[in-house]
Structure formats: C-alpha cells, structure tokens
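What follows is a short report on a single structure.
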Amino acid sequence: SQKIEQNSEALNIQEGKTATLTCNYTNYSPAYLQWYRQDPGRGPVFLLLIRENEKEKRKERLKVTFDTTLKQSLFHITASQPADSATYLCALDMGRRALTFGSGTRLQVQP
Amino acid sequence: SAVISQKPSRDICQRGTSLTIQCQVDSQVTMMFWYRQQPGQSLTLIATANQGSEATYESGFVIDKFPISRPNLTFSTLTVSNMSPEDSSIYLCSGGTGRQETQYFGPGTRLLVL
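Going down the list, the protein sequences come from chains A and B. Under the working numbering, the residues of the first sequence are numbered 313 to 423, in order. Under the working numbering, the residues of the second sequence are numbered 605 to 718, in order.
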C-alpha cells in the first residue's frame, strides 16, 4: 500500500544550526511534494512545493530536495531560530482526490 | 492565496447530538476538503466538498454520519451527526485551486464529545 513516512521522534537542535527533516514514500511516483508547517492549535500552513523534475528548491532559509529514485524528500532550515519550532508535514498526491499527509515531525529549536 | 475561517473554533457536545461546522473562504477556490486530525496524528481526509452536488467521501466515511454541503465556491459545512466520544477530534477545512496544488487551511474546530 502507499505510505508516507516521517520521523515520529521530535528533532531537537540548537539555535543557529541547520535542521534536516526527512520524508520517505513508497509505492507511488508523485508529480509534486509539498511541505507544511503546523503550530499547536492551528491548521497547516503551506511552505514549499517541489515538482518531480526539480531536484531542489529554496525559499529564504528553507531548502527542499526531491529524489525520485530514493523516493525521499529532505527539508532543511538553515540558521534555525526558536520561532521555527513547530511540526512539519510533508504531503503528496498519491493518485487520490486530495493530498495525503505524513504524520509530521516536531522540531524544537533550543535558544 | 486564500484565507479560510471556521466556526465554531471549539465545542463540547453531548453524545447523540449533532454539530455543524462552517467554513468560509475569502476568495473562490476550485476544491474544498474536510479533514480530521486526532491529537498528535496526521490529517485524515474525510471528503471533498463539491459545489452544488454530493460530496465525495473517502473510505471509512459516510454521508449519513458526515453530511457536507457546498452551496457556492466560497462556503461549505460539515455536520458530525449522532456524535460519540470517538468523534472527538480537530476538524479542518481546506481549499485549493487544483487537485494536487497548494491547500490553504482553516484554523480548525476542536470538538469534544462527552
């Protein structure tokens, strides 16, 4: 069956370091992969979209890579700040009517 | 982009009753969706709200339990019917301009069923 896997364990890093989050998927070849941020008690907020023919995309301190051979996306936050602390969700189309979301990885940036 | 609002933001309901959640978008969107999110879990798609026709439900969700309306391109409602404690969850509305394009989410409705 189709599956999206994100590290369920929280990621704790020091302020100023680079956070790297992983999204792996199986049994499908999506045309897009997206990353969202979710704060407690709020709905997810769109961050970046990367297409299957793009290897990398950047937006300010954010960078996403998409390896369709490995079926993996990496999400990087450089020069991390305590305000970056949140849960980060990857999402992709799995041939269904809407996006399928991973379970998310909680990032905690320590000052 | 689109800004999405939901009402109510939270509610506590008794078993056996029903609650209708409203979702308003500030601009026209092609697609509207309803999700459920258990604490600490990911989003589970309930259904796609179709304008002027019956919603398209995902496996495990039925119209009798979760009737959905979408009378126009900017408004939708989800009703949680005959509630039980297992329905306690966060219900999220989202909108997008394409099937797999960016989705914009409302703040969610936090429901507790006693």
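By construction, the Cβ of each residue, glycine as well, lies at the ideal position given by its N, Cα and C atoms.
Against chain B, a Cβ distance below 8 Å from residue 363 of chain A picks out nothing, because the smallest value is about 10 Å. For residue 607 of chain B, there is no enclosing beta strand (DSSP E), as DSSP marks it with neither H nor E.
Under the three-state reduction of DSSP output, residue 659 of chain B falls in the coil class, being neither helix nor strand. Burial of residue 707 of chain B is indicated by the presence of at least 16 other C-beta atoms within 10 angstroms of its C-beta. Look at residue 391 of chain A here: in three-state DSSP terms it is coil, with no helix or strand label.
Against chain B, the beta carbon of residue 401 of chain A has neighbours under 8 Å at 646 and 647, listed in chain order. Under the 8 Å criterion on CB atoms, residue 707 of chain B is classed as interfacial with respect to chain A. Judged by DSSP in its simplified three-state form, residue 690 of chain B adopts helix. With respect to the C-alpha of residue 671 of chain B, the residue from B:646, B:699 and B:637 having the closest C-alpha is B:637. Around the CB of residue 684 of chain B, 16 or more other CB atoms lie within 10 Å, so the residue is classed as buried. In terms of Cβ geometry, residue 647 of chain B and residue 641 of chain B form a close pair [threshold 8 Å]. The beta carbon of residue 624 of chain B sits closer than 6 Å to the beta carbons of 681 and 683 from its chain, once the five residues preceding and following it are set aside; these are given in chain order.
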